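Structure, as structure tokens:
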Amino acid sequence: MKKILSILIVCARAVAMMAGCASSNSNAPVSTELGQSEHVVILVLDALSSSYLSKMGPKSNLAKIAQAGACVLDAQCVYPSHTLTNHATIMTGASSGAHGIIGNVRLAEDGVTTIKSKEPEMIQCETIFELAKAQGLKTAVVSGKNNLVTLFSKDCDVGTSNVRPLSYLKDAPNLDNAETNEDYYEMNLELADWVFESLYTVLETEAPNLTLVNVQSSDYIGHRFGPESEEMNTCLKRIDKALGKFYDKMKKSGMLDDTTLIIVADHGMTSSDKAINLNVLTMMNFPGAAAAIDGRTGYIWLNDTDEAEVIAFFENTEGVASIFSGTSEIAQELGVASQDGPDLILNSEAGYVFLPQPMIDEYHGQHGSPDDSDMIIPMICVGGGIPAGAGIEVTDLRAVAPLVCKLLGISGGEFEISEPVLLPQQDLSAFKK
Ligand SMILES: [Zn+2]
Numbered sequence: 163m164k165k166i167l168s169i170l171i172v173c174a175r176a177v178a179m180m181a182g183c184a185s186s187n188s189n190a191p192v193s194t195e196l197g198q199s200e201h202v203v204i205l206v207l208d209a210l211s212s213s214y215l216s217k218m219g220p221k222s223n224l225a226k227i228a229q230a231g232a233c234v235l236d237a238q239c240v241y242p243s244h245t246l247t248n249h250a251t252i253m254t255g256a257s258s259g260a261h262g263i264i265g266n267v268r269l270a271e272d273g274v275t276t277i278k279s280k281e282p283e284m285i286q287c288e289t290i291f292e293l294a295k296a297q298g299l300k301t302a303v304v305s306g307k308n309n310l311v312t313l314f315s316k317d318c319d320v321g322t323s324n325v326r327p328l329s330y331l332k333d334a335p336n337l338d339n340a341e342t343n344e345d346y347y348e349m350n351l352e353l354a355d356w357v358f359e360s361l362y363t364v365l366e367t368e369a370p371n372l373t374l375v376n377v378q379s380s381d382y383i384g385h386r387f388g389p390e391s392e393e394m395n396t397c398l399k400r401i402d403k404a405l406g407k408f409y410d411k412m413k414k415s416g417m418l419d420d421t422t423l424i425i426v427a428d429h430g431m432t433s434s435d436k437a438i439n440l441n442v443l444t445m446m447n448f449p450g451a452a453a454a455i456d457g458r459t460g461y462i463w464l465n466d467t468d469e470a471e472v473i474a475f476f477e478n479t480e481g482v483a484s485i486f487s488g489t490s491e492i493a494q495e496l497g498v499a500s501q502d503g504p505d506l507i508l509n510s511e512a513g514y515v516f517l518p519q520p521m522i523d524e525y526h527g528q529h530g531s532p533d534d535s536d537m538i539i540p541m542i543c544v545g546g547g548i549p550a551g552a553g554i555e556v557t558d559l560r561a562v563a564p565l566v567c568k569l570l571g572i573s574g575g576e577f578e579i580s581e582p583v584l585l586p587q588q589d590l591s592a593f594k595k
């Protein structure tokens with residue numbers, strides 16, 4: 163299925179290029195050679211699904227930046243399509259089963275409660291921070307989500323988020339203090355502005371060679387109000403404005419000459435309005451087993467409960483799209499297979515989410531599944547080491563770590579796939595309304 167899909171994508175791209183809608187640039191030949199760069203910034207626009215690009219439009223700053231660099235607008239994240247999983251993939255070049263951050267949550271040692279997968283020792287592969295530090299390079303994290311500062315604190319020289327800003331940065335809103343939906347919305351917009359402003363200040367002040375950035379608002383607003391909401395449209399405009407301002411400052415100051423910006427999303431977002439109460443269903447029917455909910459994915463640890471019985475039960479549960487063993491062939495195909503992961507993994511159908519029913523009104527968007535709406539993301543590179551007007555062959559987030567190493571001249575990393583292949587044309591049609 164996946165293979166057929168990628169063949170179709172390649173064919174569609176070839177037709178688009180022949181039709182002449184591929185690049186708006188002149189006839190000048192486009193270089194497909196990657197250069198080197200003294201600084202690299204990985205800018206993750208959280209949950210910025212490729213489906214949002216048409217809302218942003220061809221005149222958006224993001225579209226202009228894509229045109230000025232290299233891009234593929236239908237790249238993929240890895241499964242499960244969650245934040246911590248895909249940031250770990252960006253930072254290691256590994257799939258989830260290999261780096262061990264399978265979803266945002268995992269079972270605690272007590273075998274009953276769940277904890278966030280945010281501790282640095284949970285990552286089972288070498289990160290590009292470790293590789294960079296081994297070559298004497300300086301590393302930084304600037305994030306609207308504090309969990310990411312924690313997860314990548316090992317080998318990180320400068321880490322900052324809104325709840326622990328550096329002394330020379332402005333104060334930022336703490337989303338935990340939001341009392342109403344309106345507060346939460348406004349504070350998210352302000353916090354995203356803070357991330358862009360702080361990023362520029364950190365780059366100027368500290369000159370890190372490798373910086374990981376997370377802009378949280380597109381994720382939090384997508385969850386709370388839904389990907390099709392008016393709030394989401396405004397959020398996208400606001401991010402685009404802040405991005406444009408940041409990019410212009412980088413250009414004007416000359417910093418972009420020796421800095422490469424890699425702009426990606428960690429996953430997409432799907433509208434949801436129906437709950438599957440996985441915890442209660444598991445407790446009532448299989449009291450020995452433990453369950454954890456994580457957006458459109460759920461996890462079960464069997465604790466000696468019969469696997470076939472649990473699978474048969476959830477296969478017939480409304481809203482469950484699939485359930486499979488964490489070491490099965492399906493798990494291997496999805497890159498999530500691991501002896502240390504959950505015994506069973508569930509995906510929800512579009513519109514459904516693993517959540518207690520009373521909480522459903524707080525969430526109108528979720529992600530985590532292998533569906534396109536959760537998986538297809540843009541990958542846009544611009545600046546120092548990137549030729550203008552190039553395309554990128556369809557790839558996934560595992561290609562970011564080898565790309566960073568190539569740009570920074572770091573050797574010795576072992577990755578599942580190689581850096582992105584550049585193409586002489588780019589297809590910007592995803593930005594069309
Ligand atoms: Zn995310």
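In the numbering used here, the protein residues as written are 163 to 595.
Backbone N, C-alpha and C fix where the C-beta goes; we use that ideal spot for every residue, glycine too.
On a predicted model such as this, the values are computed, not experimentally measured, just so you know.
The three-state reading of DSSP puts Lys-278 in strand, counting E and B together. Remark: C-beta atoms of Asp-333 and Val-556 do not approach each other more closely than 8 angstroms. Around Leu-565, the same chain offers Leu-196, Ile-424, Cys-543, Glu-581 and Pro-582 as residues with beta carbons nearer than 8 angstroms, after the five sequence neighbours per side are excluded.
A contact between stretches requires three or more CB pairs, one per stretch, nearer than 8 angstroms, and the segment 206-215 meets this requirement with the segment 415-430. Contact between Leu-293 and Cys-567 holds, with the beta-carbon distance rounding to 7 angstroms and staying under 8 angstroms. For the pair Gly-457 and His-261, the CB atoms are not nearer than the 8 angstroms cut-off.
Short note on Asp-381: C-beta closer than 7 angstroms to some heavy atom of ligand 1.
Counting only the Cα atoms, Asp-534 lies some 14 angstroms from Ala-592. For Ala-190, the closest alpha carbon among the candidates Gly-551, Lys-594 and Asp-558 is that of Gly-551. Going by C-alpha positions, Met-412 is about 14 angstroms away from Pro-370. Taking the CA atoms as reference points, Glu-281 sits about 21 angstroms from Leu-328.
The alpha-carbon of Ala-470 is positioned some 23 angstroms away from that of Val-515. For the pair of segments examined, the segment 301-314 was found to touch the segment 376-389: the number of CB pairs separated by less than 8 angstroms reaches three. Take Asn-509, set aside five residues on each side of it, and the residues of its chain with a beta-carbon closer than 7 angstroms to its own are Arg-458, Thr-459, Ala-483, Ser-484, Ser-531 and Pro-532, in chain order.
As a beta-bridge residue in DSSP terms, Phe-486 pairs with Ile-507. Shown here, Tyr-461 sits in a strand according to DSSP, grouped into three states.
Annotated three-state conformation of Ser-222 is coil, per DSSP. Secondary structure at Gly-497: coil, using DSSP grouped into helix, strand and coil. By the neighbour-count criterion, in which 16 or more other beta carbons inside 10 Å mark a residue as buried, Ala-250 falls on the buried side. Under DSSP, Thr-421 takes part in a beta bridge, and its partners are His-201. The Cβ-Cβ distance between Ala-228 and Leu-590 falls below 8 angstroms.
Within the same chain, and ignoring the five residues on either side of Leu-569 in sequence, the residues whose Cβ sits closer than 8 angstroms to its Cβ are Leu-196, Gly-197, Gln-198, Ser-199, Val-202, Thr-422, Gly-546 and Gly-547. In the DSSP assignment, Lys-568 falls within the unbroken alpha helix (DSSP H) covering 562-570. C-alpha of Ala-452 to C-alpha of Leu-337: approximately 30 angstroms in a straight line.
Nearest in C-alpha terms to Asp-466, of all of Thr-254, Gly-298 and Gly-450, is Gly-450. By the neighbour-count criterion, in which a residue is buried when 16 or more other Cβ atoms sit within 10 angstroms of its Cβ, Glu-344 is exposed. Not one heavy atom of ligand 1 sits closer than 7 angstroms to the Cβ of His-261. DSSP links Val-442 through a beta bridge to no other residue.
Sorting Asp-420, Met-446, Met-431 and Ile-455 by C-alpha distance to the C-alpha of Ala-437 places Ile-455 at the top. DSSP places Tyr-382 within a helical segment (H, G or I) once states are collapsed to three. For Asn-350, the enclosing alpha helix (DSSP H) begins and ends at 343-368. By the Cβ neighbour-count rule, Ser-415 is exposed, with fewer than 16 other Cβ atoms within 10 Å of its own.
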